[in-house]
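**Student:** One structure, pasted below without further comment.
Numbering (the numbering used here), first residue to last: 1032 to 1250.
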């Protein structure tokens, strides 16, 4: 899917939507490095793992915690995140990793198995989203949290916009790293780690404002 066909209603701090930091594997699935400190900050921002005072966080929901990494690559981040959460929380979290690269998904499965991490690994091109990913994540996998590190070109795709918006509308907590969708309203952020969290309250008015405006609106 070519994002050049999409309506130019998105504005990002980078004029070049193909801009990819920290190296990449391809234009379709760029690689963005996620340091361990960012992993811990993401867990805290999503209210998973240790709180600011060092106390274990207890989920406010009765449903099990299921974390999805959208664009998981070799699974290293999700495996480490689940390990961190399960060491520092009263809940046992499971995961779902999604990537279009079959070789990376295979590596992720091997790695999670060797480390005893409970995660499912799916081969799927969410940039194209032919099979309604949101329905699968919610109905089949009962995902509660989603972590993404996508570049502006991907965030601007109507398919990805639809996925993120519907996830938030369904009550899923979405955490974005480095680049953030301007069509959703942030509810929490970690400026130092460049993380922003969205939830059910992120939808609605913010979308309408950004659809009619082509100017940059700061987060």
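Beta carbons are placed, not taken as given, at the ideal position from N, Cα and C, and that holds for glycine.
(1) Please go through the segment 1094-1143 and give each complete beta strand (DSSP E) segment of 3 or more residues, from N-terminal end onward.
(2) Does DSSP put residue 1231 in a helix, a strand or coil?
(3) Have a look at residue 1157 and residue 1234 and give me their C-alpha separation to the nearest angstrom.
(4) Which whole-angstrom value is the C-beta distance of residue 1227 and residue 1217, which I expect to be below 8 Å?
(5) Please identify the residue among 1070, 1180, 1101 whose C-alpha is closest to the C-alpha of residue 1211.
(6) Evaluate residue 1170 with the Cβ neighbour count: other Cβ atoms within 10 Å of its Cβ, from every protein chain shown; 16 or more gives buried, anything less gives exposed.
(7) Alpha carbon to alpha carbon, what distance is there between residue 1068 and residue 1107?
(8) Could you say which of 1072, 1195, 1097, 1114 lies nearest to residue 1147 if we only look at CA atoms?
(9) Can you tell me whether residue 1129 is buried or exposed? The criterion is at least 16 other CB atoms within 10 Å of its CB, across all chains shown.
(10) In terms of DSSP beta bridges, what is residue 1176 paired with?
(11) Need the endpoints of the beta strand (DSSP E) that residue 1154 sits in, please.
(12) Please name the residue, chosen from 1140, 1074, 1193, that lies closest to residue 1252 on a Cα-to-Cα basis.
(13) Do residue 1153 and residue 1127 have their CB atoms nearer than 8 Å?
(14) For residue 1160, which residues in the same chain have their Cβ closer than 6 Å to its Cβ, ignoring the five residues on either side in sequence?
(15) Taking buried to mean at least 16 other C-beta atoms within 10 Å of its own C-beta, is residue 1223 buried or exposed?
(16) DSSP three-state label for residue 1221, please.
**Tutor:** In short:
(1) 1097-1101, 1125-1130
(2) helix
(3) 20 Å
(4) The distance from the Cβ of residue 1227 to that of residue 1217 is about 5 Å, consistent with a contact at the 8 Å cut-off.
(5) 1180
(6) exposed
(7) Spanning the two alpha carbons is a distance of roughly 14 Å.
(8) 1114
(9) buried
(10) 1098, 1204
(11) 1150-1154
(12) Residue 1252 is absent from the structure shown; the chain starts at 1032 and stops at 1250.
(13) Yes, the pair counts as a contact, with Cβ atoms nearer than the cut-off.
(14) 1190.
(15) It is exposed - the Cβ of residue 1223 has fewer than 16 other Cβ atoms within 10 Å.
(16) Reduced to three states, the DSSP call for residue 1221 is strand.
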